[in-house]
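Chemist: Can you keep this structure in mind? I'll have questions shortly.
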Amino acid sequence: MKPVALSQHDPGGVVRPPRLSIIVPCYNSETTIGVTVESVLRSDFRDFELIVVDDCSTDRSAEIAARLGAKVLKLENNLGAANARNAGARQAAGEIVVFVDADVSLPKEALGRISDDLMNEGISCVQAIYSRHCPIENFPSQYQNLYQFYNFDQI
323 MKPVALSQHD PGGVVRPPRL SIIVPCYNSE TTIGVTVESV LRSDFRDFEL
373 IVVDDCSTDR SAEIAARLGA KVLKLENNLG AANARNAGAR QAAGEIVVFV
423 DADVSLPKEA LGRISDDLMN EGISCVQAIY SRHCPIENFP SQYQNLYQFY
473 NFDQI
């Protein structure tokens with residue numbers, strides 16, 4: 323692996339992994355947002371910020387995320403997931419933005435692997451796919467996970 327050199331603002335040119343900004347858009351995700359936030363906070367990689375973007379939820383999504391320790395950005399209008407991601411990215415302080423859906427449970431090594439991969443000179447983007455097992459116990463998450471895993475498995 324080839325580490326990325328810090329910008330010229332770093333006195334001495336010390337090499338370090340990039341800081342990550344984890345952006346989680348959510349809308350009425352109170353049944354899954356806790357699992358997502360907890361999985362990010364359990365990460366082996368520690369240099370990150372976690373921003374949950376609440377897209378005008380009418381449930382307790384924002385409250386749950388904040389109670390667990392996420393920074394919560396509440397949008398004034400329901401803008402949809404893509405715009406919520408962009409709003410979170412505008413608030414991000416990290417060098418790398420990582421988008422995670424509100425019904426995803428990351429393995430504890432996921433953020434470290436993302437950081438390691440992005441420190442390779444030839445890699446500028448990382449995408450993760452669904453795993454065989456989905457820890458979120460609701461039909462939409464289970465269906466989407468199975469559908470995506472099956473399609474990627476066919477490639």
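For the sequence shown, position 126 (counting from the first letter as 1) is numbered 448 according to my numbering, and the numbering increases by one without interruption. Every residue, glycine too, gets a C-beta built ideally from N, C-alpha and C.
(1) Please name the residue, chosen from 405, 463, 353, that lies closest to residue 381 on a Cα-to-Cα basis.
(2) Roughly how many angstroms separate the alpha carbons of residue 415 and residue 407, rounded to a whole number?
(3) Quick check: residue 346 and residue 404, are their CB atoms within less than 7 Å of each other?
(4) Do you know whose CA, among 460, 450, 398, lies nearest residue 428's CA?
(5) If you draw a straight line from the C-alpha of residue 339 to the C-alpha of residue 445, how long is it?
(6) Using the three-state DSSP reduction, which class does residue 371 fall into: helix, strand or coil?
(7) Taking the beta strand (DSSP E) that residue 395 falls in, what are its first and last residues?
(8) Buried or exposed, going by whether 16 or more other CB atoms sit within 10 Å of the CB of residue 442?
(9) Can you check whether the CB of residue 401 is closer than 7 Å to the CB of residue 373?
(10) Rank 390, 358, 366, 377 by C-alpha distance to the C-alpha of residue 438 and give the top, closest one.
(11) Quick one: Cα of residue 342 to Cα of residue 470, how far?
(12) Report, in whole angstroms, the separation of the C-beta atoms of residue 375 and residue 422, which I expect to be a contact under 8 Å.
(13) Do you know offhand how far residue 426's Cα is from residue 464's?
(14) Within a Cβ cutoff of 7 Å, which residues of the same chain sit near residue 413, ignoring the five residues on either side of it in sequence?
(15) DSSP state of residue 381, grouped into three classes?
(16) Only counting runs of 3 or more residues, tell me where the beta strand (DSSP E) segments fall wholly within the region 391-476, in order along the chain.
Modeler: Well, looking at it:
(1) 353
(2) 14 Å
(3) no
(4) 450
(5) 14 Å
(6) Here residue 371 sits in strand by DSSP.
(7) Going by DSSP, residue 395 is part of the beta strand (DSSP E) stretching over 393-396.
(8) exposed
(9) no
(10) Of 390, 358, 366, 377, the residue nearest in Cα terms is 366.
(11) 25 Å
(12) That belief does not hold up - the Cβ atoms of residue 375 and residue 422 are roughly 11 Å apart, past 8 Å.
(13) 11 Å
(14) 373, 395
(15) coil
(16) Runs of the beta strand (DSSP E) lying entirely within the region 391-476 and spanning at least 3 residues, in chain order: 393-396, 418-421.
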